[in-house]
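Residue numbers (our numbering), protein chains in the order written: chain A, 30 to 139; chain B, 29 to 140.
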């Protein structure tokens, strides 16, 4: 079992819709969670971090954490074609173990 | 502020040659990570340093790979001899106190 799991997609949504990306993790001892966006041919770019249960909003992005159910999600409101990328979920354990999921590819269709 | 800097951005070499990848972390960050990314295996952690000291090199595929961090602002990843299966994108990332990783632009390595 992988420490962090994501559906590889692709997830296709129309422009202007809400894109919902999900991630589950296996270790309840994890402390922090991160979402990265990676455009094709580029490096992963940190877009959100979340440390406590609940929602965290930043512009069109909302990260949600539910530690009891061991899942993390990223909502992208008013999706734009420029949001088309692979989104990587990551979890930090014990302050030095950092695990990436395999990523979900998002396609936003004009 | 400058992010993580890597060089070269692209490297094409022949099998058997030595390859050296370079990285300058974000100033003030005390952890540095080398990752490799391929379509088949995704993002793999090769090695990480904390305060210039290698902490975990369990991801280094074999003895052909070595990494050094002589000071807080510079690290190298060396492959000697290189093989076609080493072809991948190599990322350097840095962080402060083990928090979020910030990635450099990567080096695309092609070994023919």
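Cβ atoms here follow ideal geometry from the backbone N, Cα and C, with glycine treated the same way. A quick note: this is a predicted structure, and the numbers were derived from the prediction, not measured.
Does any residue of chain B bring its CB to less than 8 Å from the CB of residue i?
{"i": "residue 129/A", "result": "yes"}
{"i": "residue 90/A", "result": "no"}
State buried or exposed for residue i, treating a residue as buried only when at least 16 other CB atoms are found within 10 Å of its CB.
{"i": "residue 113/B", "result": "exposed"}
{"i": "residue 45/B", "result": "exposed"}
{"i": "residue 39/B", "result": "buried"}
{"i": "residue 132/B", "result": "buried"}
Taking 8 Å as the threshold (beta carbon to beta carbon), is residue i in contact with chain A?
{"i": "residue 133/B", "result": "yes"}
{"i": "residue 130/B", "result": "yes"}
{"i": "residue 102/B", "result": "no"}
{"i": "residue 119/B", "result": "yes"}
{"i": "residue 70/B", "result": "yes"}
Can you tell me whether DSSP reads residue i as helix, strand or coil?
{"i": "residue 37/A", "result": "coil"}
{"i": "residue 110/A", "result": "helix"}
{"i": "residue 112/B", "result": "helix"}
{"i": "residue 40/B", "result": "strand"}
Could you pull the DSSP bridge partners for residue i from this structure?
{"i": "residue 65/B", "result": "71/B, 117/B"}
{"i": "residue 48/B", "result": "106/B"}
{"i": "residue 94/B", "result": "106/B"}
{"i": "residue 77/B", "result": "60/B, 82/B"}
Residues of the segment 69 to 87 of chain A in Cβ contact with chain B at a cutoff of 9 Å, in chain order, please.
For the segment 69 to 87 of chain A, which is checked against every Cβ of chain B, the residues closer than 9 Å are 70, 71, 72, 73, 74, 75, 78.
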